[in-house]
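Protein chains in written order, with the numbering used here: chain A, 553 to 702; chain B, 553 to 702.
Quick reminder that beta carbons are idealized off the backbone N, C-alpha and C, glycines included.
A short write-up of the structure that comes next.
Protein chains: 2
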Amino acid sequence: MSFRDTLAALKALSDENRLRALLACSERELCVCQITELLQLAPSTVSKHMSILRQADLVDSRKEGRWIYYRLSTEFATAPVRGLVEALRAQLTADPKWKRDRAALAEILAMDPEELCRRQTKAGSKESLCGDGECCASDAPTAGKERERS
Amino acid sequence: MSFRDTLAALKALSDENRLRALLACSERELCVCQITELLQLAPSTVSKHMSILRQADLVDSRKEGRWIYYRLSTEFATAPVRGLVEALRAQLTADPKWKRDRAALAEILAMDPEELCRRQTKAGSKESLCGDGECCASDAPTAGKERERS
DNA sequence: GCTATATTTCGCCATATAACGAAATAAGAG
DNA sequence: CTCTTATTTCGTTATATGGCGAAATATAGC
């Protein structure tokens with residue numbers, strides 16, 4: 553693991569959305585549409601982010617039908633990264649931001665992936681689990697699936 | 553101690569020159585002019601870099617007369633960062649790039665800091681330990697101080 | 001084969017970042 | 001106080017990066 557590779561991994565980790573994505577798929581494998589829903593970004597943007605994480609050997613990808621699943625790389629090319637991710641996860645369990653992500657993730661996992669993709673396709677419809685503009689802003693509503701844009 | 557702090561540290565580490573600077577002053581404290589010589593950048597640029605590292609709590613700074621010394625922080629902002637930096641150091645000891653830096657550093661440390669600064673002030677003089685354009689390119693000449701631009 | 005759809009690639013735009021040099025600041029030396 | 005000098009701050013510029021939407025790709029189902 554050279555200087556170059558290490559630097560690539562650090563660059564990959566230096567974006568907030570990528571770090572959130574990495575943490576998210578460190579718990580279980582996720583398909584792009586699920587990560588897209590979590591980050592509230594365009595699918596193309598998420599795809600790019602995941603590509604960067606994959607090129608840095610931080611995540612593995614697996615194709616199943618039309619879906620592509622990403623998960624934290626099992627054999628990190630870089631040992632430092634495994635330590636970092638584990639330390640991060642240990643540390644962030646209490647972090648409000650990551651808590652919110654986990655709550656949102658619980659909701660997302662409860663949904664049908666196809667439903668997620670359908671909503672993301674007709675992109676205009678302000679994709680959000682919450683009806684109001686500010687999605688799951690503060691004390692996240694721990695996993696209630698019966699939420700929909702009104 | 554939060555997601556934000558860890559992210560700031562990761563951002564700080566995601567630049568090649570900053571990573572080199574951090575590694576360099578993880579061995580011993582260095583003043584700006586020494587780091588400037590190592591990285592072959594303008595002093596103002598190095599100052600900015602060190603400021604970013606300091607704000608991320610990755611380095612401490614100490615003022616002594618006109619010189620300001622930087623060294624690896626003793627107490628990092630977040631635990632993940634501590635682990636990461638230690639792992640990085642352990643991992644990169646064998647890396648050729650970092651080896652070259654270490655060799656160059658040995659030369660720099662052998663020089664009088666005032667001499668370094670003097671050369672950096674009249675910036676035009678293509679600051680380099682070696683007379684030729686490519687500085688200490690490959691198998692660095694371990695510590696010989698009697699080198700000067702001809 | 002054709003259609004639908006999950007993901008990626010491409011082109012574009014706005015912003016962030018790293019670099020420099022010039023000017024400002026801070027601290028010894030005269 | 002004045003001069004020198006090590007470092008920082010400021011202003012500018014070129015490039016890198018993150019974001020989107022449109023078009024391309026790949027795969028399941030007909």
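Ranking D612(A), V611(A), R572(A), S625(A) by CA distance to the CA of L593(A) puts R572(A) first. CA-to-CA, the gap between L644(A) and A631(B) works out to about 11 Å. The Cβ atoms of S566(A) and S566(B) lie closer than 8 Å to each other. Of all residues in the stretch 559-571 of chain A, only L559, L562, K563, L565, S566, E568, L571 place a beta-carbon less than 7 Å from a beta-carbon of chain B.
With 16 or more other CB atoms across the displayed protein chains lying within 10 angstroms of its CB, T588(B) is buried. Listed along chain B, the residues sitting closer than 7 Å to K649(A) by beta-carbon distance are F555.
Between D653(A) and L574(A), the CB-CB gap reaches or exceeds 8 Å. Of S554(A), K651(A), R570(A), the smallest CA-CA separation from T597(A) is found for R570(A).
Around T630(B), the beta-carbon contacts reaching into chain A at under 9 Å are A639, L640, Q643. For L636(A), the neighbours in chain B by C-beta distance under 7 Å run, in chain order, P632, G635, L636. Rounded to whole angstroms, M663(B) and S554(B) show a C-alpha spacing of 41 Å. Using a 10 angstroms sphere on the CB of Q607(B), the tally of other CB atoms stays under 16, which defines it as exposed. With respect to C585(B), L668(B) sits close: the two C-beta atoms are nearer than 8 Å. With respect to the C-alpha of S613(B), the residue from R580(B), E638(B), L559(B), A561(B) having the closest C-alpha is R580(B). Contact annotation: A629(B) and D609(B) have beta-carbon atoms nearer than 8 Å. Excluding its 5 nearest sequence neighbours in each direction, V633(A) has C-beta neighbours in its own chain below 7 Å: A561, L610, listed in chain order. Per the DSSP secondary-structure output, W619(A) pairs in a beta bridge with E616(A). Counting other Cβ atoms within 10 Å of its Cβ, A639(A) reaches 16 or more and is therefore classed as buried. Judged by beta-carbon spacing, L605(B) lies within the 8 Å limit of A564(B), meaning their Cβ atoms are closer than that value. For E589(B), the enclosing alpha helix (DSSP H) has its first and last residue at 584-591. In this model, A642(B) and V637(A) are separated by some 17 Å (Cα to Cα).
Taking each of K651(A), Y622(A), R618(A) in turn and checking the Cα distance to L582(A), the smallest one comes out for Y622(A). In this structure G635(B) touches G635(A) by the C-beta definition: roughly 5 Å separates them, less than 8 Å. Comparing alpha-carbon positions, the option among D557(B), S578(B), L559(B) lying closest to T626(B) turns out to be S578(B).
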